[in-house]
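Heads up: the sequence shown begins at 388 in the numbering used here, then just goes up one per residue.
Even glycine gets a Cβ: it sits at the ideal position worked out from N, Cα and C.
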Amino acid sequence: MTIAVLSEVATGAEDLSIWPASTRRLPHGGLAVGGVSLAEVADRFETPAYVLDEGEVRGRCRTYRDAFPDADVLYAAKAFLSRAMVRWVREEGLGLDVCSAGELELAVTAGFPPERIVLHGNAKSPRDLEAALRLGIGRIVIDGPSEIARIAAAVGPEGHQRVMVRVVPGVSAGGHDKIRTGTDDQKFGLSLTDGAAQHAVARILGQPQLELTGLHCHIGSQITEVKPYLVALRRMVGLMARIRDTHGVVLPELDMGGGHGIAYRPGEPALDLTALARRLRAELVAGCAAARLTVPRLLVEPGRAVVGPAGVALYRVLAVKHTGEKVFVAVDGGMSDNPRPALYGVRYAPRLIGRVPTAGPRTTTVVGRHCEAGDILASDAELPGDIHPGDLLAVPVAGAYQLSMASGYNLVGRPAVVAVHEGAARVLVRRETLDDFRSRDIGD
Ligand code: LLP
Numbered sequence: 388m389t390i391a392v393l394s395e396v397a398t399g400a401e402d403l404s405i406w407p408a409s410t411r412r413l414p415h416g417g418l419a420v421g422g423v424s425l426a427e428v429a430d431r432f433e434t435p436a437y438v439l440d441e442g443e444v445r446g447r448c449r450t451y452r453d454a455f456p457d458a459d460v461l462y463a464a465k466a467f468l469s470r471a472m473v474r475w476v477r478e479e480g481l482g483l484d485v486c487s488a489g490e491l492e493l494a495v496t497a498g499f500p501p502e503r504i505v506l507h508g509n510a511k512s513p514r515d516l517e518a519a520l521r522l523g524i525g526r527i528v529i530d531g532p533s534e535i536a537r538i539a540a541a542v543g544p545e546g547h548q549r550v551m552v553r554v555v556p557g558v559s560a561g562g563h564d565k566i567r568t569g570t571d572d573q574k575f576g577l578s579l580t581d582g583a584a585q586h587a588v589a590r591i592l593g594q595p596q597l598e599l600t601g602l603h604c605h606i607g608s609q610i611t612e613v614k615p616y617l618v619a620l621r622r623m624v625g626l627m628a629r630i631r632d633t634h635g636v637v638l639p640e641l642d643m644g645g646g647h648g649i650a651y652r653p654g655e656p657a658l659d660l661t662a663l664a665r666r667l668r669a670e671l672v673a674g675c676a677a678a679r680l681t682v683p684r685l686l687v688e689p690g691r692a693v694v695g696p697a698g699v700a701l702y703r704v705l706a707v708k709h710t711g712e713k714v715f716v717a718v719d720g721g722m723s724d725n726p727r728p729a730l731y732g733v734r735y736a737p738r739l740i741g742r743v744p745t746a747g748p749r750t751t752t753v754v755g756r757h758c759e760a761g762d763i764l765a766s767d768a769e770l771p772g773d774i775h776p777g778d779l780l781a782v783p784v785a786g787a788y789q790l791s792m793a794s795g796y797n798l799v800g801r802p803a804v805v806a807v808h809e810g811a812a813r814v815l816v817r818r819e820t821l822d823d824f825r826s827r828d829i830g831d
């Protein structure tokens, strides 16, 4: 077998379906995203680095706008937020879903219109509510009974705030136990089954300074089927009809949350957005007609599906170890920049970049540099047998819930975020340094 053929097999380069659409193969085992060679990004900005393809983020925002022309699409900031991300989402016509004063203030100070922002959270702090009211946030989503009086008091008798109610529709969906939020055995929302949601609605309607614009639900994350959304929507429409019957109030909005699943490895299923949009709309129209209800405006809140596939993590190999049957390839990042494999058992598909391998593929465990055995980035990865220190690994689908959940473990420091677009690379968020740690550490 020639080296060239070997390299194709060894790198698994044939299937780029989970990579950003701008991804191109370069000579000598290279890969370019957004017109920029990933190996060059690694050399110029060092590793670990997170590369974000601006065109891919914008393209995904447009896909949502096209698929949901009659709905409001709110990007869920928890997946990843930076000032550039705020600008891209704003320019592409999306709204924003935030869940803390931090996310909210970053967005508004970066120029995002507060009326297009929705605040979530099962435990909103005084600071969250203060920021939301001060900045004039569009809607606050009420997550529990105790929030009603709190928000009403904070708004004051002369004030006015639009709110929604987060309902738990009793639908189980999501890629992992920790990210299923549609049933009553978890901390979010107000139950539809035990009457808590209806009760909260009645109390909110009794608060003149709170304007209830609609109902919200978010049944889980990394959902790859349309059906659970349809079941949830049917139940939400049923509740809207009951609210109309009981209180004579027709709520104008229905927020079906996010959770749209993506593929992390070639061949994995992803949620079909066009099918989701079409079938949600059809179900909504039919359900409302049957209940003789005015069709509410639909809202959706995707996070992962907007930014996940636009990100690529770059690591440098530091060590290779053969232990028993296993080959461990250790890189210069790990669970401090990506805790997802440790938390949810997610599997990624890393790829060697920047050189042509001279050996065929073998099953490899890619581990991080942190001080625990669970610091695994990719188990059962097919990587060339000649991987050695100094090699570069790129991990696609790294844009969502990696850096936003990054930690300061071992004071390794969070990686830089580098945007690539039309052949140019620029730093969006600089690497965390020892000076950053020292400047926060003000006692002795
Ligand atoms: N709306 C609400 C109210 C949410 O709680 C979430 C995510 C979203 C929208 C966006 O969901 P997405 O479209 O991104 O799936 N850390 C986990 C995911 C946690 C999701 C939390 N809520 C992970 O890495 O998979």
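Please work out which residues of its chain come closer than 8 angstroms, Cβ to Cβ, to residue i, disregarding the five sequence neighbours upstream and downstream, and give them in chain order.
| i | result |
| --- | --- |
| residue 417 | 424, 425, 426, 740 and 741 |
| residue 682 | 671, 672 and 675 |
| residue 392 | Only weak support exists for where residue 392 lies, its pLDDT of 38 falling under 50; the coordinates are left without a value. |
| residue 833 | There is simply no residue 833 to check, as the chain begins at 388 and stops at 831 in what is shown. |
| residue 448 | 460, 462, 475, 476, 479, 480, 481 and 693 |
Which residues in the same chain as residue i place their Cβ atom closer than 6 angstroms to its Cβ, once the five residues preceding and following it in sequence are excluded?
| i | result |
| --- | --- |
| residue 853 | Residue numbering for the chain in the displayed model covers 388 to 831; residue 853 lies beyond these limits and cannot be assessed. |
| residue 781 | 425, 699, 701, 738 and 740 |
| residue 389 | Bear in mind that the predicted position of residue 389 carries a pLDDT of just 37, short of 50, making it unreliable; the figure below should be weighed with that in mind. There are no such residues. |
| residue 419 | 411 and 413 |
| residue 533 | none |
| residue 502 | 525 |
| residue 445 | 475 and 479 |
| residue 459 | 482 and 686 |
For the putative contact between residue i and residue j, defined by C-beta atoms under 8 angstroms, what is the C-beta separation to the nearest angstrom?
| i | j | result |
| --- | --- | --- |
| residue 756 | residue 721 | 5 angstroms |
| residue 603 | residue 687 | About 11 angstroms separates the two Cβ atoms, so there is no contact after all. |
| residue 804 | residue 790 | 7 angstroms |
| residue 467 | residue 812 | Incorrect: roughly 18 angstroms between the Cβ atoms, too far for contact. |
| residue 707 | residue 776 | 7 angstroms |
| residue 774 | residue 694 | Contact doesn't hold; Cβ gap of about 29 angstroms is too wide. |
| residue 726 | residue 623 | Contact flag wrong, Cβ pair sits at about 32 angstroms. |
| residue 826 | residue 723 | Rounded, the Cβ-Cβ distance is 19 angstroms, inconsistent with contact. |
| residue 455 | residue 477 | Not quite, the Cβ-Cβ distance comes to about 17 angstroms (not below 8 angstroms), so this is no contact. |
| residue 618 | residue 558 | 5 angstroms |
If I follow the unbroken alpha helix (DSSP H) through residue i, where does it start and stop?
| i | result |
| --- | --- |
| residue 533 | 533-542 |
| residue 446 | 441-454 |
| residue 488 | 488-496 |
| residue 693 | 691-694 |
| residue 470 | 470-478 |
| residue 513 | 513-522 |
| residue 728 | 727-731 |
| residue 760 | Careful: residue 760 lies outside any alpha helix (DSSP H) and carries neither H nor E. |
With a CB to CB cut of under 7 angstroms and the five nearest residues on each side skipped, what residues in its chain are close to residue i?
| i | result |
| --- | --- |
| residue 463 | 484, 645, 688, 689 and 690 |
| residue 578 | 555, 571 and 584 |
| residue 397 | Interpretation of residue 397 is limited by its pLDDT of 44, a score under 50 that renders its predicted location unreliable; no figure is taken from the coordinates. |
| residue 394 | Because residue 394 carries a pLDDT of 45, less than 50, the predicted location of this residue cannot be relied on, and the following value inherits that uncertainty. If we look at residue 394 and ignore the five residues flanking it on each side, its Cβ neighbours are 416, 743 and 744. |
Would you say the beta carbon of residue i is closer than 6 angstroms to some non-hydrogen atom of the ligand COA?
| i | result |
| --- | --- |
| residue 729 | As for the ligand COA, it is missing from this structure, which binds only the ligand LLP. |
Check for me: the beta strand (DSSP E) holding residue i runs from which residue to which?
| i | result |
| --- | --- |
| residue 722 | Per DSSP, residue 722 belongs to no beta strand (DSSP E) and is neither H nor E. |
| residue 528 | 526-529 |
| residue 411 | 411-413 |
| residue 818 | Run containing residue 818: none; DSSP gives neither H nor E here. |
Q. Which ranges does the beta strand (DSSP E) cover as unbroken runs of at least 3 residues, wholly within the segment 621-665, from first to last along the chain?
A. 640-642
**Q.** Ordered list of alpha helix (DSSP H) runs contained in the segment 564-605, each at least 4 residues
**A.** 583-592
(Q) Within 8 angstroms, do at least three Cβ pairs link the segment 770-779 to the segment 706-715? (A) yes
(Q) Quick check for students: name the residue ranges of the beta strand (DSSP E) that lie wholly in the segment 769-811, counting only runs of 3 or more. (A) 779-783 and 803-808
**Q.** Three or more C-beta pairs below 8 angstroms linking the segment 758-766 and the segment 654-664
**A.** no
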